[in-house]
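**Q**
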Amino acid sequence: PKFDTVVINGVLVSASDVSSNCIGIKDGKITVLAERFSDDDLRGAEVIDAEGAYVMPGGVDGHVHLCQDLQTGPHGLGGRCADDFLTGSRSAMCGGTTTIITFATQTRSEPDRSLLGVVGRYKARADATGSYIDYGFHVIIVRDDGDVLEEEMPRLVSEWGITSCKLFLTYETQRLSDKQLLNVMYEARKNRITTMIHAENGDAIEWLTDKLEERNKIAPYYHAWSRPPAVEGEATNRAIALAELIQNPILFVHIGSALAMKNVRKAQTRGLPVYAETCPQYFNLTWNDLKKFHDPSCFENSKMICSPPPPPDASDADELYLGLHNGTFTIFSSDHCPFRYDDPHGKPTGVLEHAESMTGEPEPESCLDGHALCDLVSRKTGAFKFIPNGIPGVETRLPLLYTTALQTGRISPQKFVELTSTNPAKLYGLYPRKGSLMPGADADIIIWHPDHSFVPFSLTNDRLHHNVDYTPYEGQQFTNWPRYTLSRGQVVYRNGQITGKVGYGQYLKRGQSQLATAQGRKQDPRRVADWLYE
Ligand code: URP
Ligand code: ZN
Ligand code: ZN
Ligand code: ZN
Numbered sequence: 001p002k003f004d005t006v007v008i009n010g011v012l013v014s015a016s017d018v019s020s021n022c023i024g025i026k027d028g029k030i031t032v033l034a035e036r037f038s039d040d041d042l043r044g045a046e047v048i049d050a051e052g053a054y055v056m057p058g059g060v061d062g063h064v065h066l067c068q069d070l071q072t073g074p075h076g077l078g079g080r081c082a083d084d085f086l087t088g089s090r091s092a093m094c095g096g097t098t099t100i101i102t103f104a105t106q107t108r109s110e111p112d113r114s115l116l117g118v119v120g121r122y123k124a125r126a127d128a129t130g131s132y133i134d135y136g137f138h139v140i141i142v143r144d145d146g147d148v149l150e151e152e153m154p155r156l157v158s159e160w161g162i163t164s165c166k167l168f169l170t171y172e173t174q175r176l177s178d179k180q181l182l183n184v185m186y187e188a189r190k191n192r193i194t195t196m197i198h199a200e201n202g203d204a205i206e207w208l209t210d211k212l213e214e215r216n217k218i219a220p221y222y223h224a225w226s227r228p229p230a231v232e233g234e235a236t237n238r239a240i241a242l243a244e245l246i247q248n249p250i251l252f253v254h255i256g257s258a259l260a261m262k263n264v265r266k267a268q269t270r271g272l273p274v275y276a277e278t279c280p281q282y283f284n285l286t287w288n289d290l291k292k293f294h295d296p297s298c299f300e301n302s303k304m305i306c307s308p309p310p311p312p313d314a315s316d317a318d319e320l321y322l323g324l325h326n327g328t329f330t331i332f333s334s335d336h337c338p339f340r341y342d343d344p345h346g347k348p349t350g351v352l353e354h355a356e357s358m359t360g361e362p363e364p365e366s367c368l369d370g371h372a373l374c375d376l377v378s379r380k381t382g383a384f385k386f387i388p389n390g391i392p393g394v395e396t397r398l399p400l401l402y403t404t405a406l407q408t409g410r411i412s413p414q415k416f417v418e419l420t421s422t423n424p425a426k427l428y429g430l431y432p433r434k435g436s437l438m439p440g441a442d443a444d445i446i447i448w449h450p451d452h453s454f455v456p457f458s459l460t461n462d463r464l465h466h467n468v469d470y471t472p473y474e475g476q477q478f479t480n481w482p483r484y485t486l487s488r489g490q491v492v493y494r495n496g497q498i499t500g501k502v503g504y505g506q507y508l509k510r511g512q513s514q515l516a517t518a519q520g521r522k523q524d525p526r527r528v529a530d531w532l533y534e
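In this text, residue positions in the sequence shown follow my numbering: the first is 1, and each later residue adds one.
1) Run the proximity test for V253: is its beta-carbon closer than 7 Å to any non-hydrogen atom belonging to ligand 2?
2) Assign S257 to one of two classes, buried (16 or more other C-beta atoms within 10 Å of its C-beta) or exposed (fewer than that).
3) When the Cα of T163 is compared with those of A219, A126 and R192, which residue comes out closest?
4) Suppose you measure from the CA of N480 to the CA of V417; what does that come to, to the nearest Å?
5) Rounded to whole angstroms, how far is the Cβ of T517 from the Cβ of P280, which I believe are closer than 8 Å?
6) Please return the same chain residues whose Cβ sits closer than 8 Å to the Cβ of A239, not counting the five positions on each side in sequence.
7) Name the two residues that bound the continuous alpha helix (DSSP H) containing F85.
8) Among the residues of its own chain, which have a CB less than 7 Å from the CB of L66, if the five just before and after it don't count?
9) Any heavy atom of ligand 2 closer than 7 Å to the CB of H138?
10) State the CB to CB distance for the pair T5 and I25, rounded to an integer number of angstroms; the pair is presumed to be in contact (CB under 8 Å).
11) Check each candidate in C337, N248, K303 and K415 and name the one with the smallest Cα separation from N326.
12) With burial defined as no fewer than 16 other Cβ atoms inside 10 Å of the residue's Cβ, what is the status of H452: buried or exposed?
13) Between which residues of its own chain and G95 is the CB-CB distance below 7 Å, once the five residues before and five after are set aside?
14) So the candidates are R488, P220 and L290; which of them puts its Cα closest to the Cα of K501?
15) Closer than 7 Å to a non-hydrogen atom of ligand 3 - does that hold for the CB of H65?
16) Under 6 Å Cβ to Cβ from I255, same chain only, skipping five residues before and after it: list those, please.
17) Assuming V139 and V118 form a contact by the criterion Cβ under 8 Å, report the distance between their Cβ atoms to the nearest whole angstrom.
18) Going by DSSP, what residue range makes up the alpha helix (DSSP H) through Q281?
19) In this structure, how does DSSP classify V55 when only helix, strand and coil are distinguished?
20) Using 8 Å for Cβ pairs, my map puts S14 next to L437. What's the rounded Cβ distance?
21) Helix, strand or coil: how does DSSP classify K179 here?
22) So, is L352 buried or exposed, given that buried needs 16 or more other C-beta atoms within 10 angstroms?
23) Using only the alpha-carbon positions, how far apart do Y533 and F339 sit?
24) Does the count of Cβ pairs from the region 105 to 121 and the region 506 to 515 closer than 8 Å reach three?
25) Is T173 near ligand 1, in the sense that its beta carbon is under 7 Å from a heavy atom of that ligand?
26) Is it true that the CB of N284 sits closer than 8 Å to the CB of A235?
27) Could you tell me which residues DSSP puts in a beta bridge with S487?
28) Can you give me the C-alpha to C-alpha distance between P111 and R121, rounded to a whole angstrom?
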């Protein structure tokens, strides 16, 4: 047969066009776009009738945590990701995502000094279960060992196709000082590795946390008070200044406030190569939702804790939507960071002894199992600073944005595709293999339901395919959901049923970023530090 599969009667949406075309798929690739296919064309092919619904390139989620121990608390305390590559990729594909980029994390412990070693260990974790869909890695770099950076960064690119790294300005065991940040960004820039920055001022957070604890404000809700928008505002400005100093393109991950977004916009207007990601939680949750389950004797609102936290009220979201529309934001990712609620390695569920202050406490000791976090939780407190940061959302990312932004007219269908698929593919060196419906691209495709025939529903966690026992979006109305997900030509999800196979997903060696480059207008010669790169 001419095609293995064809998609007919769809409204194709790319980052630039909306068109009524059919798609012909052969050997996992899109081979033909045509206004119509003849009977001859269709012979022997599986025909998928989109019934007038939108057909888009599959989602590319550039920010997913799987199989990771996250150290978001003091003393390196953290939690264990609830999703591995099996459950995480399954959840992604059931929400229309066909590519995920996950994190391989260096730590400050000696065995994790080598970035190549870390990547090898994370690859083994992925291989242990396999993935339903294609995946790649970013590295997280938490130290500035000159020898490691110099020797290993070129090999990350050539041997692994890893062309992006994430750096932190917060979290005790991950944050880099300004000098360390310059060191790492400098090496990254020399290797054309895209620098992703988690921009929160760690000192400001620690200081505010101390002040809150002195006032016994340690319940989960106060996590947000320890991270008001100014914390992100300061860190974005500082990172922009340091990146400009050495002419390094940067991408801010998970921007969660209008204040930080405006800093990004200002830098972009000055012509600096500054890019930004934002995530569903900053549009759909507020401090009010942190309070939703608020009860001083219970931990339940630990479910909503993530960093940066959701903004204080919906006024931020209004401005953030504008940033999606006007190009300030380059990508829209999930920051899926799954912790179970009923798990000692997840969000604490014990009873909070809220009257106690944390100050003057001795250093934590390990519990019998050797888990310092368990010990702290059972012994004393679920104070917010010990609660692992992060919430799940890889499956809800696309349908939430479809419901709240596309169908409401806040963004166009093309912008939807740009933010969720095409730009992340370009940014992370996967375009045009991913993020495109052009002939030659991988046949990674989502087909939505026709809007008019979809019965809106209110989300319950049992509909989702992650390994998390809650969703922050419980009860939220959805007015569409992906009906089919195709990964390299195979239908992996159809009408609510999983039809893919774990282990089918391939590791993606990525190329250089096609977006985060220092291109654009020539820089002011007074600021140029060309000598650094001679
Ligand atoms: O709270 C969050 N975002 N947890 C995940 C780790 C990170 O910083 O992205
Ligand atoms: Zn982060
Ligand atoms: Zn994250
Ligand atoms: Zn334990």
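We put the beta carbon where it would ideally sit given N, CA and C, even for glycine. Just so it is clear, the structure is predicted and the values come from calculations on it, not from any experiment.
**A** Per the coordinate set shown:
1) A distance criterion of 7 Å places the beta-carbon of V253 in contact range of ligand 2, judged by its closest non-hydrogen atom.
2) By the 10 Å Cβ count, S257 comes out buried.
3) Among A219, A126 and R192, the Cα nearest to that of T163 belongs to R192.
4) Cα-Cα distance, rounded: 15 Å.
5) Actually they do not touch by this definition, with Cβ atoms about 28 Å apart.
6) Correct list, in chain order: L169, L181, I197, A199, I250 and F252.
7) Judged by DSSP secondary structure, F85 falls within the alpha helix (DSSP H) whose first and last residues are F85 to C94.
8) Within the same chain, L66 has close Cβ partners C81, D83, D84, F85, G88 and T102.
9) False, no ligand heavy atom lies under 7 Å from that Cβ.
10) I25 and T5 do touch by the CB rule: their CB atoms are close to 4 Å apart, below 8 Å.
11) Ranking the options by Cα distance to N326, first place goes to K415.
12) Per the 10 Å Cβ criterion, exposed.
13) Closer than 7 Å at Cβ, skipping near neighbours: V394, E395, T396, R397, L398, P399 and P482.
14) In terms of Cα proximity to K501, the closest of R488, P220 and L290 is R488.
15) For ligand 3, at least one heavy atom lies less than 7 Å from the Cβ of H65.
16) M261, A276 and T278, listed in sequence order.
17) Contact between V139 and V118 holds: their C-beta atoms lie close to 7 Å from each other, under 8 Å.
18) Segment Q281 to N284, the alpha helix (DSSP H) holding Q281.
19) The answer is strand: DSSP assigns V55 an E or B state.
20) About 5 Å separates the Cβ atoms of S14 and L437, confirming a contact at the 8 Å cut-off.
21) Helix, per DSSP.
22) Its pLDDT being 42, under 50, L352 is placed unreliably in this model, and the coordinates cannot settle the point.
23) Roughly 42 Å between the two C-alpha positions.
24) No: the two stretches stay apart, fewer than three of their Cβ pairs being nearer than 8 Å.
25) Not under cutoff, so the answer is no.
26) Cβ atoms of A235 and N284: not closer than 8 Å.
27) In the DSSP output, where bridge partners are listed per residue, S487 has Q490.
28) Distance between the alpha carbons of P111 and R121 is about 11 Å.
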